[in-house]
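Engineer: Just dropping this structure here.
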Amino acid sequence: MSLQWGLALLVLAALATAGCSATSSSSGDALRGEQVHAVCLDCHGTGVYTSAERKIKSLPALQKEVTRWGDYYDPALSAKDNEDVVAYLNTHYYKF
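Residues -22 to -1, 1 to 74 in mature numbering (1 follows the signal peptide of the UniProt record, and there is no 0) are what the sequence shown lists, from first letter to last.
See below:
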């Protein structure tokens, strides 16, 4: 495992155990999602969210893509992580 992946997993573990959100919400926690999203930036910048060719066009499509790429990590992002990343991306880039 590379140092970069090790650090990413350490960040995720710290977030999971820190209880960053006191309540669970179906809309997700955008602040926590921003922190979880930091590992996504290891592979791509934020330009993928604003590119006309790649821009996601609906909330269900955003949820599907976040889950798809969240499964890329080992271990995969949790359902809570995915929900929070969706909330962050929707708040800052999409606004569905």
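Virtual Cβ for every residue (Gly too), placed ideally from N, Cα, C.
1. Beta-carbon separation of Asp52 and Gly11 under 8 angstroms?
2. For a test of the three-state rule: what should DSSP assign to Val17, helix, strand or coil?
3. If you reduce the DSSP assignment to three classes, tell me which class Gly25 lands in.
4. Rounded to whole angstroms, what's the CA-CA distance from Ala54 to Gly48? Just pull it up for me.
5. Classify Ala65 as buried or exposed, calling it buried when 16 or more other Cβ atoms lie within 10 Å of its own Cβ.
6. For Thr28, which residues in the same chain have their Cβ closer than 8 angstroms to its Cβ, ignoring the five residues on either side in sequence?
7. Quick check on this structure: which residue in Ala30, Gly25, Asn60 has the alpha carbon closest to the alpha carbon of Glu43?
8. How would you call Gly6, buried or exposed, if buried means at least 16 neighbouring beta carbons within 10 angstroms?
Structural biologist: On the basis of the data shown:
1. no
2. coil
3. helix
4. 6 angstroms
5. buried
6. Tyr71
7. Asn60
8. buried
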